[in-house]
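The structure under discussion appears below in the form of structure tokens.
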Amino acid sequence: MLALAFLAALLVSAHAAQRQDINKAVIYDLGVYIAISALVGAKLLFLITEYRYYTLHPSELFSLTTLRSGGVYYGGFILAASVGIWFTWQRRLPVWKIADICSPGIALGQCIGRLGCLAAGCCYGNPTSQSWGLIFRSEYSHQVVGVPLEVPLHPTQLYESGVNLAIFGLLWVNLQKKRFDGQVFILYLLGYSISRFLIEIFRGDTARGFLFNGALSTSQFISLLLLLIATALFFRLRPHGQH
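Residue numbering for the sequence shown follows this note's numbering, starting at 458 and increasing by one per position.
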């Protein structure tokens, strides 16, 4: 599912590039850098959030369980975005225009990727009495990702998959209607950070890490930072006099 997510994101971004008069070959080249950096970044943030465990169990760094873990999405996004900016600067390409082009594909890739989380059992939700609660019964998933068995859980993977599909539609429509370069990327930051902050309330897995004595999850904290960044980018990039 992760491979399918990358492929879908790449194809959509290449199509978007053509609509924006950018050579899609550039997007294919960028996609290689994005894919590698996203995987590395996600794994790095996972190790950072779980540093106490790995300090006590350093041999687990290279265990099969650690290698199987997908990591933390925001770590992959932050490193991939940084590498993407470096790539566009190196190629003397319009940074914010490329960011707009890639944003719908990122949202669609997340939509598909979260279905992989659902299949694996990771990123699971808190117990719920709601009728749509999801019950996992795979001993293998319990052993690998710790998902509780025989307990109705919030299907947080589906929550996020559905939200990202809606964000993809919003971004795709706005790609042709935008008033300035960077607008679609800002919309992505706003849409995803707000939805992720809220969905985190229903998450039940603890491996994603917490800050401030458990007041915020790592992803909630990063969501707040991205909201501030999106706001700053809006006032920085919008044409003067536009409201």
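Note that beta-carbon positions come from the ideal geometry of N, C-alpha and C, so glycine has one too. The model shown is predicted, which means the values in this text are computed figures rather than measured ones.
Practice problem: Using the Cα positions of isoleucine 686 and tyrosine 645, report the straight-line distance between them to the nearest angstrom. | Solution: Here residue 686 corresponds to residue number 229 of the sequence shown, with the count starting at 1. Here residue 645 corresponds to residue number 188 of the sequence shown, with the count starting at 1. Answer to the nearest angstrom: the Cα atoms are 12 Å apart.
Practice problem: Determine the direct distance from the alpha carbon of alanine 471 to that of tyrosine 490, and round the result to whole angstroms. | Solution: Against the sequence shown, residue 490 aligns to sequence position 33. Against the sequence shown, residue 471 aligns to sequence position 14. Straight-line Cα distance between these residues: approximately 15 Å.
Exercise. Taking only heavy atoms of the ligand MG into account, decide whether any of them is closer than 7 Å to the Cβ of tyrosine 530.
Key: Because no ligand of any kind appears in the structure shown, any question about the ligand MG cannot be addressed here.
Exercise. Alpha carbon to alpha carbon, how far is phenylalanine 593 from aspartate 662? Give it in angstroms, no decimals.
Key: Within the sequence shown, the letter at position 205 stands for residue 662. Within the sequence shown, the letter at position 136 stands for residue 593. One Cα belongs to aspartate 662, the other to phenylalanine 593, and the distance between them is close to 14 Å.
Quiz prompt | Cβ pair glycine 578, valine 620 closer than 8 Å | solution = Residue mapping note: residue 578 aligns to position 121 of the sequence shown, counting from 1. Residue mapping note: residue 620 aligns to position 163 of the sequence shown, counting from 1. Contact: no.
Quiz prompt | Helix, strand or coil at glycine 578 according to DSSP, with G and I counted as helix | solution = For the purposes of this step, residue 578 is identified with residue 121 of the sequence shown, where counting begins at 1. Secondary structure at glycine 578: coil, using DSSP grouped into helix, strand and coil.
Self-check item: Same chain only: Cβ atoms within 7 Å of alanine 499, ignoring 5 sequence neighbours per side
Solution: Start at 1 with the first residue of the sequence shown, and residue 499 comes out as number 42. Residues of the same chain with a CB within less than 7 Å of the CB of alanine 499, apart from the 5 flanking positions on each side, are Gly527, Gly528, Val529, Tyr530, Gly532 and Gly533 in chain order.
Self-check item: From Gly648, Ala462, Gly590 and Ile624, residue whose alpha carbon lies closest to that of proline 609
Solution: Position 152 of the sequence shown holds residue 609. Nearest neighbour of proline 609 by Cα position, chosen from Gly648, Ala462, Gly590 and Ile624, turns out to be Gly590.
Self-check item: Backbone secondary structure at leucine 550 - three-state DSSP
Solution: Start at 1 with the first residue of the sequence shown, and residue 550 comes out as number 93. Of the three classes helix, strand and coil, the one that applies to leucine 550 here is coil, per DSSP.
Self-check item: Presumed contact (8 Å Cβ cut-off) between glutamine 614 and leucine 673, rounded CB distance
Solution: Working through the sequence shown from its first residue, we reach residue 614 at position 157. Working through the sequence shown from its first residue, we reach residue 673 at position 216. So it is not a contact: roughly 21 Å between Cβ atoms.
Quiz item: How would you call arginine 653, buried or exposed, if buried means at least 16 neighbouring beta carbons within 10 angstroms?
Solution: Numbered from its first residue, the sequence shown carries residue 653 at position 196. Here arginine 653 is buried, its C-beta having at least 16 other C-beta atoms within 10 Å.
Quiz item: Would you call valine 630 buried or exposed, if buried means 16 or more other Cβ atoms sit within 10 Å of its Cβ?
Solution: The residue labelled residue 630 in the question sits at position 173 within the sequence shown. Classification for valine 630: exposed.
Exercise. Give me the Cβ distance between glycine 562 and leucine 487, rounded to the nearest whole Å; I'm assuming they're in contact under 8 Å.
Key: On the sequence shown, residue 562 is found 105 positions in, with the first residue counted as 1. On the sequence shown, residue 487 is found 30 positions in, with the first residue counted as 1. About 11 Å separates the two Cβ atoms, so there is no contact after all.
Quiz prompt | Among Gly582, Ile558 and Gln640, the one whose alpha carbon lies nearest that of glutamate 657 | solution = Translated into positions along the sequence shown, residue 657 becomes position 200. Ranking the options by Cα distance to glutamate 657, first place goes to Gly582.
Self-check item: Beta-carbon spacing of serine 560, valine 641 below 8 Å
Solution: Counting from 1 along the sequence shown, the entry for residue 560 is found at position 103. Counting from 1 along the sequence shown, the entry for residue 641 is found at position 184. Result yes, Cβ atoms of serine 560 and valine 641 sit closer than 8 Å.
Exercise. Determine the extent of the alpha helix (DSSP H) in which lysine 634 is found, giving its start and end residues.
Key: Here residue 634 is taken as the residue at index 177 of the sequence shown, counted from 1. Element bounds for lysine 634: 613 to 634.
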